[in-house]
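A.B. asks: Taking my numbering, the leading residue of the sequence shown gets 1167, the next gets one more, and so forth.
Virtual Cβ for every residue (Gly too), placed ideally from N, Cα, C.
From a predicted model like this one, the values you see are computed outputs, not experimental measurements.
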Amino acid sequence: MLPLRMLLVALCVCRLFAQQDELDLDRLEIPTPTSEPSVPYFSLGGGFIGMFLFPGLDALNAKTEQWQLGSFSRPLFLSGIEGVVTLGVIPNLRIGVFGIGGSKQLERSLSADTQRQAEFFLGATGFSVAYALVPVRSLAVLPTLSGGWGTIRLEFAQSPTRTRWDELAPGLGTASSLQRLSASYFFVHPQLYFEYAPLPFLMLRLGGGYQFSFVGEWKQNRIATTEGVPSGVNASGASAQFAIFVGLFN
């Protein structure tokens, strides 16, 4: 009889411990994994920019052919510097300021001591507004709108290969001549940038877009107003850009 009672007591004790374990498991809180907090986009720095512009050159090349200089080829390479900073007020919004310029030349020797030359120059200063989309860490895609103002300049020159200071007279001689045409222009330049930051202090960019330009009044030698310049002589065209920046990037 006693062994039977001891067996019943043991079974009751085991039952109590099992119920206690069930209660403890019910109260146990298993922490759920939390996702890694997203780091807001940030960019602050400056660096070198290079751009290949593909302007229409037919009207300009018609004039260089008259000067027996051949034709300009595309693209026109422009280089400069740019600084960028992210605005904390609006997440992922970035502004930039830049200056850029470049030129192309044509040359021809008319004789052993006389040369003829033509130059096509573009220079611009502007601002940009971009919004960063970050598909993966360290890579950003930025729809960008740039705008600003600049100068377009054409020069046609002919001169001996050697001259003297005392021959620089106020009159118009026949040995040397320089015809300079220049105009100011405004531009709007929508672009798409792909930027990659391999290091927190280094950022690389590839991009492309199309520049629309609006050319103002032409001047010859900074004095005479020049009429009849073809509208095709401008700073409009497709563009491709690369850049390298140093600063702080995430």
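When you compare each of Pro1309, Ala1363 and Ser1405 to Ser1379 by their alpha carbons, which one comes out closest?
C.D. replies: Per the Cα distances, Ser1405.
A.B. asks: Taking 6 Å as the limit between beta carbons, can you name the residues of its chain near Leu1299, skipping five residues before and five after?
C.D. replies: Closer than 6 Å at the Cβ level, and outside the excluded window around Leu1299, lie Val1307.
A.B. asks: Is Leu1226 helix, strand or coil when you go by DSSP?
C.D. replies: It is helical.
A.B. asks: So, for Ile1318: in the same chain, excluding its five sequence neighbours on each side, which residues have a beta-carbon less than 6 Å away from its beta-carbon?
C.D. replies: The residues are Leu1288, Ala1349, Tyr1351 and Ala1401.
A.B. asks: Out of curiosity, what's the CA-to-CA distance linking Ser1269 and Gly1212?
C.D. replies: Cα to Cα, Ser1269 sits roughly 23 Å from Gly1212.
A.B. asks: What does a CB cutoff of less than 6 Å around Phe1408 pick up in its chain, not counting 5 residues either side in sequence?
C.D. replies: Closer than 6 Å at the Cβ level, and outside the excluded window around Phe1408, lie Gly1216 and Leu1372.
A.B. asks: From which residue to which residue does the beta strand (DSSP E) around Val1307 run?
C.D. replies: Segment Leu1305 to Pro1326, the beta strand (DSSP E) holding Val1307.
A.B. asks: Starting from the Cα of Phe1220, find the closest Cα among Leu1311, Arg1240 and Thr1230 and give me that residue.
C.D. replies: For the residues Leu1311, Arg1240 and Thr1230, the minimum Cα distance to Phe1220 belongs to Arg1240.
A.B. asks: Spatial neighbours of Ser1325 within its chain, please: CB distance less than 6 Å, with the 5 preceding and 5 following residues excluded, ordered by chain position.
C.D. replies: The residues are Ser1342.
A.B. asks: To the nearest angstrom, how far is the alpha carbon of Val1302 from that of Gly1316?
C.D. replies: Taking the straight line joining both Cα atoms gives about 36 Å.
A.B. asks: What do you get for Thr1230, buried or exposed, if any count of 16 or more other CB atoms within 10 angstroms of its CB means buried?
C.D. replies: Thr1230 is buried by the Cβ-count criterion.
A.B. asks: Any idea if Gln1232 is buried or exposed, counting beta-carbon neighbours within 10 angstroms, 16 or more meaning buried?
C.D. replies: So Gln1232 ends up on the exposed side.
A.B. asks: Using a Cβ-Cβ distance cut-off of 8 Å, determine whether Leu1259 contacts chain B.
C.D. replies: The structure shown contains no chain B, having only a single protein chain.
A.B. asks: In or out: Glu1273 buried (at least 16 other Cβ within 10 Å) or exposed?
C.D. replies: Its Cβ having fewer than 16 others within 10 Å, Glu1273 is exposed.
A.B. asks: Beta-carbon separation of Ile1266 and Ser1245 under 8 Å?
C.D. replies: The answer is yes: Cβ separation under 8 Å.
A.B. asks: Measure the Cβ-Cβ separation of Pro1414 and Leu1210 and say whether it is below 8 Å.
C.D. replies: The sequence shown places Leu at residue 1414, not Pro. Yes.
A.B. asks: May I have the straight-line CA-CA distance separating Leu1368 from Tyr1362, to the nearest angstrom?
C.D. replies: For Leu1368 and Tyr1362, the distance between alpha carbons rounds to 9 Å.
A.B. asks: Comparing C-alpha positions only, which one of Leu1320, Thr1392, Leu1253 and Gly1374 sits nearest to Phe1218?
C.D. replies: That would be Gly1374, whose Cα lies nearest to the Cα of Phe1218.
A.B. asks: Given this structure, state the Cα-to-Cα distance separating Thr1252 from Val1381, to the nearest angstrom.
C.D. replies: Spanning the two alpha carbons is a distance of roughly 32 Å.
A.B. asks: Mapping DSSP to helix, strand and coil, what is Trp1233?
C.D. replies: Trp1233 falls in the coil class under three-state DSSP.
A.B. asks: Does DSSP put Glu1333 in a helix, in a strand, or in coil?
C.D. replies: It is helical.
A.B. asks: Between Glu1248 and Ile1256, what straight-line distance do the alpha-carbon atoms span, to the nearest angstrom?
C.D. replies: Going by the C-alpha atoms only, they are around 21 Å apart.
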